[in-house]
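Some notes on the structure that comes next.
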Amino acid sequence: MPQSLRYAGGGGLVSSISAAAPVAIAPDSSSHQSEVSIAIDPNNSDVVLSAFRTHDLTGNPGPISINWSSNGGFSWAGLPVLPGTAAGAADPVVGICRTTGNWYCVYLDTGQNIHLAYSTDQGASWSNSPITTAGGNDKPWLGVDNVLGSQFAGRIYVCWQAGGIQSVSSIQGASLGTGSWSSPYQIPPMGGADFGVQIGFGASGEVVLAWGVKPVQLWPFEDFAMTTSDDGGATWAAPWVAVSDVWGIGSGLLEGSPDDFRWNSMPSMVVDRSGGPGAEIAHFSWTTANGQGDIFHAATPIVAAIPRAAPHTVVNPTSPNYAQFMPAIGVDQATGILSVVYYSRNGPWTTPMLASSTDAGLTWSGRGLSVPTLQTAIEPNNPNSPYFGDYNSVAVSGSRVLPCWWEQSSGVFQMYVDVDMVPRFANLSTATGISIPEGSGQATSAPLDFDEDGKLDLLVSFDSSERAQLNHNTFIGDEAPQFNNLAQLRLHTGTVSNTTGVAAVDCLGNDGNVDIFIGSADSNLVLAGDGFDFTGPGADQSALLGTAQTLPSAGASFGDFNGDRWLDLLIMSSSAGSGDVLLQSNAGAGFVDVTAAAGLHSGMTSSTSAVWADMNLDNRLDLFVGYGGPTGPANEWSPYYLNQGPDGSGQVTFTDVAGASSGPRIDQIGHVQGVELADISGDRKLDILIASNDPATATTLIGCLNDGTGAFEQETASMGLSTQTPLIDVEVTDLNGNGVLDIVCVPEGTAAIEVFSGYGDLAERGYRDATFEAALGSNPTYGLTLADFNSDTDADIFLLRPEVSADPVPAQFYWANSLVDAASPPASPKAYTVEFDRWSQSQNPNSLGIGATVTSKVITSSGKTLYSTQVVDGGSGRAGQGSSRLTFGLAGASTAEITVRWPHGQIQVFDAASSTGFPNVVLQDSANPEIQSSSVTASYVPSSSYTTHTYSWKTNYNAGTPQVLIDAGHRASQSCMVPLGGVSQIVLDPSMGGVSAAEPLQLANGQWQWTLTWNAYCSSLCTYTYYARQNVGGQVYSSSSKSLFIGSCAVVTQ
29 MPQSLRYAGG GGLVSSISAA APVAIAPDSS SHQSEVSIAI DPNNSDVVLS AFRTHDLTGN
89 PGPISINWSS NGGFSWAGLP VLPGTAAGAA DPVVGICRTT GNWYCVYLDT GQNIHLAYST
149 DQGASWSNSP ITTAGGNDKP WLGVDNVLGS QFAGRIYVCW QAGGIQSVSS IQGASLGTGS
209 WSSPYQIPPM GGADFGVQIG FGASGEVVLA WGVKPVQLWP FEDFAMTTSD DGGATWAAPW
269 VAVSDVWGIG SGLLEGSPDD FRWNSMPSMV VDRSGGPGAE IAHFSWTTAN GQGDIFHAAT
329 PIVAAIPRAA PHTVVNPTSP NYAQFMPAIG VDQATGILSV VYYSRNGPWT TPMLASSTDA
389 GLTWSGRGLS VPTLQTAIEP NNPNSPYFGD YNSVAVSGSR VLPCWWEQSS GVFQMYVDVD
449 MVPRFANLST ATGISIPEGS GQATSAPLDF DEDGKLDLLV SFDSSERAQL NHNTFIGDEA
509 PQFNNLAQLR LHTGTVSNTT GVAAVDCLGN DGNVDIFIGS ADSNLVLAGD GFDFTGPGAD
569 QSALLGTAQT LPSAGASFGD FNGDRWLDLL IMSSSAGSGD VLLQSNAGAG FVDVTAAAGL
629 HSGMTSSTSA VWADMNLDNR LDLFVGYGGP TGPANEWSPY YLNQGPDGSG QVTFTDVAGA
689 SSGPRIDQIG HVQGVELADI SGDRKLDILI ASNDPATATT LIGCLNDGTG AFEQETASMG
749 LSTQTPLIDV EVTDLNGNGV LDIVCVPEGT AAIEVFSGYG DLAERGYRDA TFEAALGSNP
809 TYGLTLADFN SDTDADIFLL RPEVSADPVP AQFYWANSLV DAASPPASPK AYTVEFDRWS
869 QSQNPNSLGI GATVTSKVIT SSGKTLYSTQ VVDGGSGRAG QGSSRLTFGL AGASTAEITV
929 RWPHGQIQVF DAASSTGFPN VVLQDSANPE IQSSSVTASY VPSSSYTTHT YSWKTNYNAG
989 TPQVLIDAGH RASQSCMVPL GGVSQIVLDP SMGGVSAAEP LQLANGQWQW TLTWNAYCSS
1049 LCTYTYYARQ NVGGQVYSSS SKSLFIGSCA VVTQ
C-alpha cells in the first residue's frame, strides 16, 4: 500500500493524506530538469502543454523541452528540444489560446533575449518570433487573454525584467496584437530592484501585472506592486503597492543561511475572476525570509487600494523542523478555489505538496504529492548541485488540478505532474425546484425513472408530517436539472407522510415498470407503477405484504435470493415484537414470510441498512444487515447471512457467519448506520463499507476487504480510509473520472460531508481525504444519493439536508459535479454510465437487474489496469437506495471493458465504446446461452511434464466458441504462473496450442454439452479459479467461478 504522509502543526491546516504515484512528463536519465511551466487548453481540459529547462548531468545547460498530453496528463508526447532553442535557453512559460487554439512558449535565449515559440497545429510544427534583440533581459512571463467576452480576447502579452541581475532594473512589457508586436512599454520602477513579473486578467479582459519590490537585488522582497491596463496594453495605470511588508524571497529556498537560497526568484500571482467584473481578486504566494521558510498568501483587489499588510495567511503547517519553498499558485475560475504547489523540506528529505483553499485563502488544507525523497544535492548556489531553478507551476480547470514539480529519481532531477483529479461540486440547490423544508426531519431517498423518459427522478420521504415527494426530472440540458414535485398527482391518492425507508424496483406484475416500497411506522406501502404514475386502479398493492403491511419498518432491501428471477424483500423492523422479516416473492402475486424457515434471527429490531450480493461467488445472493446498536450476546451484531441454497424441501436457507473463525466470515460489528458494497481494493471482489457512529472504534469508516471466498477482514486503514467522525451513511461511485471509485460519507450532526478520493491500480490502490476540496457543507444531513441526474455521465450528489434559514446559503442539498458540463460536453468522454434495458416478460421479471455486479476495466495510456466494481442494489445505505444507473470513469482512455455478473449468476463482457448509447451505456442480457453447470478434472500424464485438464459445461443453446478463463490470483507464486505462461490469468481457446475442443453434443433435455481439454505444464501446489465461457459474436458469456486445487503434477481435489 502507498505510504501515508502526515505533517504536524499548523492548527489543522493539513490533512493526513496518502500520496498517489505521480506521472513523469518526459523521463530522461541523461539530463536534469527544472523551471517547469504547464497550461490547460481552455477549450478542452484533456489537452495540456508543458515546457521545462534542461541541464546535462555535469551541470552544463541544455535546451528547452516541450511536451503535451491529450488525456489530461496521464501520458505525454513531445520534443526534447523546442525548435529554435539552443543549449542555455531558460525560463520557459507556456500558454494556450482559447480563440485560435495556438500553443505558445516564451523563453530566454543564451544572449538574454526574449523569444516566443508558437505552434498552430498542436505541436506538429513550431515557429519562433524574437521579441527583444538588445540582450540584458531576464525572467520573461507569458499571458494569453482567454477571458470570455474580452474585447482583446486572443491577445498575447509578454513581460520581463530589463537589466542584469545585479543592476537596478525595471519591468517592461509588450503585447502581440493582430500579428505584430507593440513597442515595449516601461513600467515606472517602484524600488531599487523590481523583479519577477507575472500576468493575470480581469473579468473584462483587464491586464494585471504584479512583481516584487526590493531596495537592492540581494535583498528580500519588501512589497508586491501591481499595475493594470484596460486598453490591451497600450497604456498602464500608475503602479501601486498591492501587498506590503512581505519580507519574502519569492520562490527561493531557505535553510537558515543567506547562501542557501536564491535571490534571483519571484513571487507567484493569479487573478481570480469568478466573482465577475469589479470583484476580481489578485492572490499572491511566496516564501518568507522569517528564519524558517513558510509559504504565505495575501489577496487584494486588482484596483489601486489600501495595500494588504502583514500578517498574511500561512499556507503550510508551521513546524520548526520544516522549510517550505518555491510556491506556485493557481485558481479555478469557475469556483474561486485556490491551489498552491510547493516543497516541504525536513533535513535532506523533500516532499512536493499541494495546498487548497475554498474560502479565498483564509484557511488551507494540503496533501503530499509524492513520498519524501532523499535529495542531498539541492543547493541553489552550489556549482556541483543540479540546477535548482526559480519556479514551479500549477494549472487548474474545474476538477483538473495539475501541479508540476521536480523530483529526484536515481540521482537525476525529473519533472512530474499529479493527475489525481480533485472532485469539485457546485451548489445548485435553488435551481432544481426541489425543496427540503427546514424542520422536515430525517429523510430517505431513491433515484428512479418512473415514467421511462431516460431521466432519473427522485423519490424523497420524511419521518415527519412533511409529505413524501415524487420529484419528476424535466432536465433540459443544464448542470442543474429541473424537478417538479408530482406527489399529489402521481404518487398516491392519500397522504404519504411519517415515512421511513424507500426503494424503487420492478417487483410486481413482470411488466418492466418501476414499483415503489415506502416504509412507515404502522402502514407500509407497495405501489405498482404503470410507466406514468402510481395512482391508477389497483396501484396500491400493499395488501400483498400480508401481515408485514403493518410491520413498523425502518427500510427495505430487495434481492432475488432463490434464483427464480422474482425479487424477494427484507423489511427491517423497529418493533421488538416482530423483528426483521424476510418475504419471498410468489411470482409477483404476493409475498410469503420465510424469516424462520430461511434461518434468519428473530427479533432483530435495530437494523439500519441491508445489502444483497453474491459475496462468496457461488452464484447465490448473500445478505449483510447493519445492526445499529452496540454488540451483545443475544444476536446483537450485524448478521452476515451466507446463502446455503435450497434444503430438502426446496427452501433456501441462510447461516449467519458473523464471528466465524474460518471460511466465509466477518467480525461481529455494531453501531452500523449505513452499508455499501463495492470493490474498494481494485481486485474485482465486493468489499463492505460501513458507516459507524461508534465513538470507541479506531475508525468510523470501516472497510472490510473480501478475499474472494466471502471472508472479510478489516484492513483498509493502510489505504488511507480512516476517520474518527461519527458517520450515518456511506455511498460509492467514481466522482472524478480517474477510473477508481470514490467514497462519500455523511457525518452525524453538524460536520462536513467527508469525501475520500481513490487512486491507483491494484498494487498501489489508496484513498486520500478530499473533504476540503469537495466543500459540500456541514449542515446536519441524514443521508445521500449519488446519481447522474443531469445525464452528463458524472455523478451528482443529493444530500438529505433540510434547509437552514440562519445559514447565509440556506439550501445546500443538490451539488452538481464539475467533471463534465452538461451544457458543453467534452469531445472525448471522461466517464460513462451503465444501466440495464427492460427485459421481456419471458426472460426476466427483474427488469432493472437488481443484484447485478458490474466491473469496469480501464487500461490507461501508461499501461496501468484499473478495476471498479459496483452493485445494482435494491435498497441499501441509510435505509434508502442507490442509483440503478452506475457511473464509471475512463481515466483518459477511449473505452472500457464492462463485465456484468447478472443476478442469475451468468457473466457477460461488453466493450463500452461499442455498446448502445455510449457514453450512457444501456445493456441487455438478451442472447445469453445461459451456462447451466460446469465441471473440471485433471490428470497427470505419466512420463511427461504436463497435466491434462478437461473442462465440461452445459448451455441452453448451441452458440459461440468455447473458452475457459484460468485465474491464479494476483498473489500467486511464480511457479503457479508457469503453466499460464508466466502471467496470473489466461483465456484458453481452441485456436491455442495444447488446447482442443470437442464438437458440442446435444443432450436429451435439449441442452448442449461442451468439452475443452488443455495440456498444461506441471506446477507446484496451486489453486486456480476457472470460468467456462462462450464467445458469441464477440460477446463473452461466462459461468460462475469454480476452484481447482492441483497437486504436484496431479489432481488433489476440486
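Going left to right, the sequence shown walks through residues 29 to 1082 as the numbering used here numbers them. For every residue, glycine included, the Cβ atom is placed at its ideal position computed from N, Cα and C. Source: prediction; values computed, not measured.
Bounding residues of the beta strand (DSSP E) (the contiguous stretch that carries residue i)
i, result
"residue 799", "It is not in any beta strand (DSSP E) - residue 799 instead sits in the alpha helix (DSSP H) that spans 799-802."
"residue 1059", "1050-1060"
"residue 1043", "1036-1045"
"residue 652", "650-655"
"residue 501", "497-501"
"residue 600", "596-601"
"residue 493", "It is not in any beta strand (DSSP E) - residue 493 carries neither H nor E in the DSSP assignment."
"residue 222", "221-229"
"residue 668", "668-674"
"residue 394", "393-396"
"residue 476", "471-476"
Within 8 Å, strictly: CB atoms of residue i and residue j
i, j, result
"residue 62", "residue 85", "no"
"residue 765", "residue 705", "no"
"residue 781", "residue 809", "yes"
"residue 244", "residue 224", "no"
"residue 454", "residue 843", "yes"
"residue 50", "residue 446", "yes"
"residue 859", "residue 822", "yes"
"residue 1040", "residue 1072", "no"
"residue 985", "residue 1036", "yes"
"residue 818", "residue 503", "yes"
"residue 937", "residue 1064", "yes"
"residue 432", "residue 449", "no"
"residue 313", "residue 271", "no"
"residue 125", "residue 174", "yes"
"residue 466", "residue 830", "yes"
"residue 993", "residue 1055", "yes"
For residue j and residue i, believed in contact at Cβ under 8 Å, the rounded distance
i, j, result
"residue 430", "residue 66", "6 Å"
"residue 526", "residue 570", "Going by Cβ atoms, the distance from residue 526 to residue 570 rounds to 15 Å, so no, they are not a contact pair."
"residue 649", "residue 588", "6 Å"
"residue 364", "residue 388", "6 Å"
"residue 1059", "residue 989", "4 Å"
Alpha helix (DSSP H) segment containing residue i, residue limits
i, result
"residue 210", "Taken as a continuous stretch (DSSP letters only), residue 210 belongs to no alpha helix (DSSP H), as it is neither H nor E."
"residue 1002", "1002-1005"
Heavy atom of the ligand GTP within 7 Å of residue i beta-carbon
i, result
"residue 752", "The ligand GTP is not part of the structure shown, which contains no ligands of any sort."
Discussion item. Please give the ranges of any beta strand (DSSP E) in the region 896-946, keeping only runs that are unbroken, at least 3 residues long and fully inside the region.
Written reply: 914-917, 925-929, 935-939
Practice prompt. Determine contact between the region 888-901 and the region 980-987, defined as no fewer than three beta-carbon pairs at a distance below 8 Å.
Written response: no
Worksheet item: Mind pulling the beta strand (DSSP E) runs of 3 or more residues that sit fully within the region 689-777?
Response: 700-706, 715-720, 729-734, 740-742, 755-761, 770-775
Practice prompt. Tell me the start and end of each unbroken alpha helix (DSSP H) in the region 503-583 that is at least 4 residues and wholly inside, in chain order.
Written response: none
Worksheet item: With a cut-off of 8 Å, do at least 3 Cβ pairs link the region 224-233 to the region 162-182?
Response: yes
Discussion item. What ranges does the beta strand (DSSP E) occupy inside the region 774-862, keeping only unbroken runs of at least 3 residues that lie completely in it?
Written reply: 782-787, 794-797, 812-815, 824-827, 842-845
Practice prompt. Please determine if the region 722-732 and the region 670-677 are in contact, where contact requires at least 3 C-beta pairs separated by less than 8 Å.
Written response: no
Discussion item. Taking contact to mean 3 or more Cβ pairs, one atom from each stretch, closer than 8 Å, check whether the region 585-604 and the region 535-549 are in contact.
Written reply: yes
Discussion item. Check whether the region 471-489 and the region 544-561 touch, using three or more Cβ-Cβ pairs below 8 Å as the test.
Written reply: yes
Worksheet entry | the region 914-924 contacting the region 751-767, beta-carbon criterion three pairs below 8 Å | yes
Discussion item. Would you call the region 830-848 in contact with the region 553-569, where contact means no fewer than 3 C-beta pairs closer than 8 Å?
Written reply: no
Worksheet item: At a cut of 8 Å, does the region 615-629 reach the region 715-725 through at least three beta carbon pairs?
Response: no
Worksheet item: How about the region 793-801 and the region 879-892: do they share at least three Cβ pairs that are nearer than 8 Å?
Response: no
Discussion item. Going residue by residue through the region 72-160, where are the continuous beta strand (DSSP E) segments of at least 3 residues, counting only ones entirely within it?
Written reply: 76-84, 89-97, 105-107, 118-124, 131-136, 142-147, 155-158
Worksheet item: What runs of the beta strand (DSSP E), each 3 residues or longer, lie entirely inside the region 1003-1028?
Response: 1013-1016, 1023-1025
Worksheet item: Do the region 99-106 and the region 137-150 meet, that is, are 3 or more Cβ pairs less than 8 Å apart?
Response: no
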